[in-house]
Structures are given as C-alpha cells and as structure tokens.
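Peer 1: The following block contains the structure, expressed as structure tokens.
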Amino acid sequence: MSFLQRFSEKAGKAFEKGKPLHFLSSLYDAIDTFTLTPADTTRSGSHIRDAVDMKRIMITVMIALCPALFFGMWNVGHFHYIANGIDAGFWQSFGYGFLRWLPLVVVTYVSGLAVEVTFAQIRGEQVAEGFFVTGFIIPMIMPPDVPLWIVAVATVFSVLFAKEVFGGTGYNFLNPALVARAFVFFAYPSVISGDSVWISHAPDAVSGATPLAILVNGSAQQMPSAMDMFVGTIPGCIGETSKIAILIGAAILLLTQVADWRIMLTVMAGGYVTAALFHITGTCPVPGYEQLLMGGFLFGAVFMATDPVTAAHTSTGKYIYGALIGILSIVIRMLNKGYPEGMMLAILLMNIFAPLIDYCVVQRNIHKRQNRTKSIHNSR
Amino acid sequence: MSLKKYLGPLSSDNPILVQTLGVCSALAVTAQLKPALVMALSVTVVCAFSNLIISLIRNTIPPRIRIIVQLLIVSFWVILVDQVLQAYVYEISKLLSVFVGLIITNCIIMGRLEAFALSHKPWPSFMDGLMNGLGYGLVLIVVAFFRELLGSGTLWNIPVVPHAWYEAGYLNNGLMILPPMALILVGTIIWIKNSKTRRAK
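For the record, the sequence lines run as chains A and B.
Residue numbering for the first sequence follows my numbering, beginning at 25 and increasing consecutively.
Residue numbering for the second sequence follows my numbering, beginning at 999 and increasing consecutively.
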C-alpha cells in the first residue's frame, strides 16, 4: 500500500494550482480519497451526528445494498433462462445477470461523475461522496434491459437538475436516484412500464408481468404466491424483488444506525394500514401484507425514504413523513391505474413536503415552550 | 430617436427571463413551434397596440378607473386577434384554444401599460410594447424549438430526426411534451443568461 500512497502523493503535485493538470484536480482528489486514506476527513457535513464521516456512511449503505443486488443478478438470469426455455445452473444465471448489470453501473458512474467533477471544478470544491450511493442505486431500480443511453441521459438529468443546481450533495431536496427513475418513467415510458420489459431478452410470447401489473389488469390465478414475492423470484427491477435480501440490508442499516428506524417503521405501518383498509372495503383483492411485498415498496422504505438528506430531520417529523409515504404509495397504486408503482411518486412528493413538516414541528415546539413559560409567569 | 434604447426587452430586460412575467403561457403553448410562433405574434400585436391606444388617451383616463379602461382595450385587441386567427389559421386557433383569450390576463401586457404607456408618448409606447412582445416571443420560440425537436422529433411538423435513429433505438423524450420540462428549459435559459451577464460585469 505504501508505495501506492507515495505514488499518489507524487502524482498529486501535478494537479496543484498553477500546474498543467489543475483542471482535473477534483477528479484526482475523488480517486485519491476513495481509494486511499484522505488527508483530511469530513468534520462537519449535512448529516453528521457523530464521529462517523460521510464516506463511512456511504460505504455502509453500499454494503447494505449488496444482498439485494446479488439476488437481483441471479434473478435476472433466472428469468431470462426460464423465458427462453433453457435449463441453467446457479452460476450461469448469476453470470448472465452480472453481465446485464455491469454496463448499467459503469454508464451510471461515468455519466454522473462527469457532471459532478465538472461542477466541483467550477466551484473549486471536492467531489462529494454522495454520488457513489446514488450511482449504485440507479441501476438497481431500472429494468434489466433498459437502453444504456437512456440511463446516461437520466443520470445526467438527475445529477444536474435535482442536485447540482441546488448546491450539490447535502443541498438536494429530492432523492437523485428516484429523480433519475422518474425521468425515465415519464420521458421513456415504453422501457420501464408494461409487461414485456421486466424479463431480460424474453421471447414475445412470454409475459413478464409484475405482481402490481397483475393486480391492476390480470386475474388472481396469475398472482405469484406471497412466499415467491418474499423470497424474490418474481420479475421486476434488478434490486427490488427479494424482500429477504432487502431486510438483511435493513438490519445492517439499523444496527449501524445509518438509517432511521422511525421512517422505516412508519412507512410500513402506514402502507399496511392503508392496504388493509382497501382490502376490507373490497377495492383490493389481496390482503394488506401482500401489498408490502409487491414492487418497490420495501426497497423504497428501506433505502429511499431513509435518505438522510431528503427525509424530515425532526423525530416527530419522521413519523409523519414516513406514515404519509406509506399511505400515499398504496393510495396511488390502488386509485390511479396509470401508475401501478406508487412508491416512487409518494417518496418524491414527501421529499418536497419534508421541510414543511419540519417547520411545523419546530414551530409547534416553540409555541408549546412559550406557553409553558407564560403559564409559569402567570402562576407566580 | 434611436432604436437601441428599445432593445432592452430582447436581452438584458427580457420580460420572461428577468422579470419572470408571462411564464404560464410560455409553459402551455410551447410543445410545438407553430402554435408558439402564432402565440408570440398575437401577444406582440396585442401588447404593441394596447400600449399605443392607452398612451394616446392617457391624459383623459381618470386614474381611479384606469385598470378597467386598460382591460377593456386589451380585450378589444384580444378579440380582434382571436377572430383573425379563427378566420385564417383555424387549426392552430383550436390548438391554442383558451390561451388566446387568456392573453388578457398576461402580466406582461398589464405591466407595460401600467409601467410605461400611462406615462409616455404614443410612439415610444408602441415601440416598448412591440419589443416586449418580441422579447417574450423569442423565449417562446427557443423553448418550443427544443421541446418539439426532442419531444416529437419534428420541427414545424416536419420530421427531422432520421428514421435510422429510431431503428437504432432512439426514442422521443415524452417528458418534453409535458409542461414541467418547459419550466426546466426556461430555468436553464435563465441560468445560462445569468451566468453570462455576471461574467460580463
């Protein structure tokens, strides 16, 4: 390691101010801090609560995402070979899914970091670590066959308009990964909705309808069992299918206290209560808990809603924020047949309202305290 | 009288980019070039001639009822423009539908009447209205150019994206057709403009 460090230090001289490679200094800085120990660690930041710095938080989130990612790779290959009538082993399926995922993640990082580096250079700042998680999540919430140029356009759009125009990492009020998905959803609906996009390179005759699509238009016989949905052997986005893998990720996030349990809990509670109400009134044929196993609900609850930058910051606010995400996502799913996946839209909507929730909570606290001092004064 | 002093609305004092007036219609009618151009011309005509007439009678309007008088004159021109559009370009008139009528409430027109025509002579008022209408139209055309090119793959209803691109997997951007993207485009133009003027200073 030490010779690498010496080399990096030596190479770094060429990027200093006034030297020919100065225009690439943020790129050098990003590689240097990500691979080697940074000279100075983050001391204050947008969401630092203790000695853990931003880089550790980001790497923990990426580790927590890995179980869902590995299962997703296998699942992509699994459905590809089933649809084409080929009997494939575990490693063959896994390898196929890995090769579908690899170009996606490379394209995401290259296009997103290009924007980040450009802006860091213009502003004279360092590249923030925020994009490493965003770029890791974006391929996981896309269908396996999404064209690479669309991923690149969506990534550039979301980094530029959801993050950089507001001041970069820590200042974005929308989750950039979800903005990228929403961009694809509204700009190129044919690659991310319908029944044919969820299985990689399937023959035309095979329908790869997700459970949510079956719920909207299909019959109850086509519906996979709750166990299949829990294990994850259903068609869907790369990272969202396996609920077991996502729960392992959730455990990692909660044990390391990177994500907040209040948000995860209230999203699930809000979603379950709403889904149960729809089931009781007869609008929804499946029981409430099955709604939580469908689509990206759990993935959104664990990895998206808990994003510390875009979520509510006060404790009371987190309960309200989480519950409303759960309620709204099921309401959008059940009442708007055009948007079978309501989780993305619910989280984005509540991202916008999170500052307002925080403001109301803080104001209420101030009023309560003012009234208390008043009553103490009066009783004297 | 030099023309140069009226050119402000086209660049440094643009009604949409600097004063952020008239944004609503800029978002609504810019999905294609043709309606955007017709809308730009309509607003220019209404703005210029309303300014002219208000300026002509500015000394006879009782200040307390001036808004009503202004509205009357603006609606007179809007109805005239609407009738002309229905007679000669019926298809586009149908496409623009309610937005021609809504020119009456366009903030740019009321703003120019209040801020300029009430206190200036007819010829400068006419030029001011004309240039503000053109400044509005310029932004509309730029936004509509990108929205039609990227959203429908056409310009002036003529396909410009080669067929081979579609076969290679290119898709039109559906978000460009929707109003939110127009807002982002207008924001981007403001962004580019601001960063340029700041550098100039």
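Glycine is no exception: its CB is placed at the ideal position from the N, C-alpha and C atoms.
These figures come from a predicted structure and were not determined experimentally.
I'd like to know if S49 (chain A) contacts chain B, where contact means its C-beta is closer than 8 Å to some C-beta of that chain.
Peer 2: Closer than 8 Å: no.
Peer 1: Which bits of chain E does P213 (chain A) rub up against, with CB to CB less than 7 Å?
Peer 2: Chain labels in this structure do not include chain E; the protein chains are A and B.
Peer 1: Jot down the residue ranges of each uninterrupted alpha helix (DSSP H) in the stretch 75-140 of chain A, minimum 4 residues, whole runs only, in chain order.
Peer 2: Whole alpha helix (DSSP H) segments, 4+ residues: 78-107.
Peer 1: Does the distance from the C-beta atom of G1135 (chain B) to that of A1038 (chain B) stay below 8 Å?
Peer 2: Yes, Cβ-Cβ distance for G1135 (chain B) and A1038 (chain B) is below 8 Å.
Peer 1: Using a 10 Å radius around the Cβ and a threshold of 16 neighbouring Cβ atoms, would you call S50 (chain A) buried or exposed?
Peer 2: S50 (chain A) is buried by the Cβ-count criterion.
Peer 1: Chain A partners of T1167 (chain B), CB-CB under 7 Å?
Peer 2: Reading off the sequence, residue 1167 (chain B) comes out as Gly, not Thr. Going along chain A in sequence order, the residues near G1167 (chain B) (Cβ under 7 Å) are P171.
Peer 1: I'd like to know if the stretch 249-269 of chain A and the stretch 373-391 of chain A are in contact, where contact means that at least 3 CB-CB pairs between them fall below 8 Å.
Peer 2: Contact fails: fewer than three Cβ-Cβ distances are below 8 Å.
Peer 1: Kindly give me the distance between the Cβ atoms of E153 (chain A) and M78 (chain A), rounded to whole angstroms, as I take these residues to be in contact under 8 Å.
Peer 2: Right, the Cβ-Cβ distance comes to about 5 Å (below 8 Å), so this counts as a contact.
Peer 1: For T1195 (chain B) and L1148 (chain B), what's the separation of their Cα atoms in angstroms?
Peer 2: Near 28 Å, if we compare the C-alpha coordinates of L1148 (chain B) and T1195 (chain B).
Peer 1: Please report the distance separating the alpha-carbon of N1171 (chain B) from that of P1013 (chain B).
Peer 2: About 28 Å.
Peer 1: If you draw a straight line from the alpha carbon of R73 (chain A) to that of V282 (chain A), how long is it in whole angstroms?
Peer 2: With a pLDDT of 47 at R73 (chain A), under the threshold of 50, the predicted position of this residue should be treated as unreliable, and no value is reported.
Peer 1: Between the stretch 301-335 of chain A and chain B, which residues of the former have CB atoms less than 8 Å from a CB of the latter, in chain order?
Peer 2: The residues in question: there are none.
Peer 1: Give me, in chain order, the residues of the same chain whose beta-carbon lies closer than 8 Å to that of L1083 (chain B); leave out the 5 immediate sequence neighbours on both sides.
Peer 2: If we look at L1083 (chain B) and ignore the five residues flanking it on each side, its Cβ neighbours are V1036, S1040, I1090, S1091, L1094, V1098.
Peer 1: Going by C-alpha distance, which of A:W285, A:V326, A:M368, A:H391 is nearest L89 (chain A)?
Peer 2: Per the Cα distances, A:V326.
Peer 1: With 7 Å as the limit, tell me which residues of the stretch 367-383 of chain A have their beta carbon closer than that to any beta carbon of chain B; keep them in chain order.
Peer 2: Answer set for the stretch 367-383 of chain A: empty.
Peer 1: So which residues of chain B does F207 (chain A) contact, with C-beta pairs closer than 7 Å?
Peer 2: What F207 (chain A) touches in chain B: L1173.
Peer 1: Any beta carbon of chain B sitting closer than 8 Å to that of F197 (chain A)?
Peer 2: No, F197 (chain A) lies away from the interface with chain B (no Cβ there is under 8 Å from its Cβ).
Peer 1: Curious, which full-length alpha helix (DSSP H) runs of at least 4 residues does the stretch 1099-1145 of chain B contain?
Peer 2: The stretch 1099-1145 of chain B contains these whole alpha helix (DSSP H) runs: 1105-1113.
Peer 1: Does DSSP put L1031 (chain B) in a helix, a strand or coil?
Peer 2: Reduced to three states, the DSSP call for L1031 (chain B) is helix.
Peer 1: Where does R73 (chain A) fall in DSSP's three states?
Peer 2: For R73 (chain A), the pLDDT reaches just 47, beneath the cut-off of 50, and the residue's location in the model is therefore unreliable, although a value from the coordinates is still provided. It is coil, neither helix nor strand.
Peer 1: Taking 8 Å as the cut-off, does the stretch 288-296 of chain A touch the stretch 339-353 of chain A (at least 3 CB pairs, one atom from each stretch)?
Peer 2: Taking 8 Å as the limit for Cβ pairs, the verdict is that the stretch 288-296 of chain A does touch the stretch 339-353 of chain A.
Peer 1: Do you know how far the Cα of M368 (chain A) is from the Cα of A206 (chain A)?
Peer 2: Looking at the two C-alpha atoms, the distance is approximately 7 Å.
Peer 1: For a contact meaning CB atoms closer than 7 Å, what does F185 (chain A) contact in chain B?
Peer 2: Per Cβ cutoff of 7 Å: I1182.
Peer 1: Would you identify the three-state DSSP class for S399 (chain A), choosing helix, strand or coil?
Peer 2: S399 (chain A): helix per DSSP, three-state reduction.
Peer 1: Is it true that the stretch 1131-1145 of chain B meets the stretch 1027-1034 of chain B, where meeting means three or more beta-carbon pairs spaced less than 8 Å apart?
Peer 2: Contact holds: three or more Cβ-Cβ distances are below 8 Å.
Peer 1: Would you call the stretch 182-195 of chain A and the stretch 116-129 of chain A touching, i.e. three or more CB-CB distances under 8 Å?
Peer 2: Touching, no, given that fewer than three Cβ pairs across the two stretches are closer than 8 Å.
Peer 1: In chain order, what residues of the same chain have a beta carbon less than 7 Å from the beta carbon of I270 (chain A), not counting five sequence neighbours either side?
Peer 2: For I270 (chain A), where only same-chain residues beyond five positions count, the Cβ hits under 7 Å are A92, L322, F323, V326.
Peer 1: Does DSSP put T305 (chain A) in a helix, a strand or coil?
Peer 2: Residue state, collapsed to three classes: coil.
Peer 1: Bridge partners for I1071 (chain B) per DSSP, in chain order?
Peer 2: Answer is none; I1071 (chain B) lacks a bridge partner.
Peer 1: In three-state terms, what does DSSP make of T290 (chain A)?
Peer 2: T290 (chain A): helix per DSSP, three-state reduction.
Peer 1: Terminal residues of the continuous alpha helix (DSSP H) containing E1025 (chain B)?
Peer 2: For clarity, residue 1025 (chain B) is Leu in the given sequence; the question names Glu instead. Taken as a continuous stretch (DSSP letters only), the alpha helix (DSSP H) holding L1025 (chain B) covers 1021-1026.
Peer 1: With DSSP collapsed to three states, give me the class of P235 (chain A).
Peer 2: In the structure shown, P235 (chain A) sits in a helix (DSSP, three-state: H, G or I).
Peer 1: Which residue marks the beginning of the alpha helix (DSSP H) containing G159 (chain A), and which one marks its end?
Peer 2: G159 (chain A) -> alpha helix (DSSP H) spans 154-164.
Peer 1: From the DSSP output, which residues share a beta bridge with L1153 (chain B)?
Peer 2: L1153 (chain B) is bridged to B:I1156.
Peer 1: For L45 (chain A), which residues of its own chain have a beta-carbon under 6 Å away from its beta-carbon, when the five flanking residues on both sides are left out?
Peer 2: For L45 (chain A), where only same-chain residues beyond five positions count, the Cβ hits under 6 Å are A38, F39.
Peer 1: Is it true that the CB of V129 (chain A) sits closer than 8 Å to the CB of A54 (chain A)?
Peer 2: No, Cβ-Cβ distance for A54 (chain A) and V129 (chain A) is not below 8 Å.
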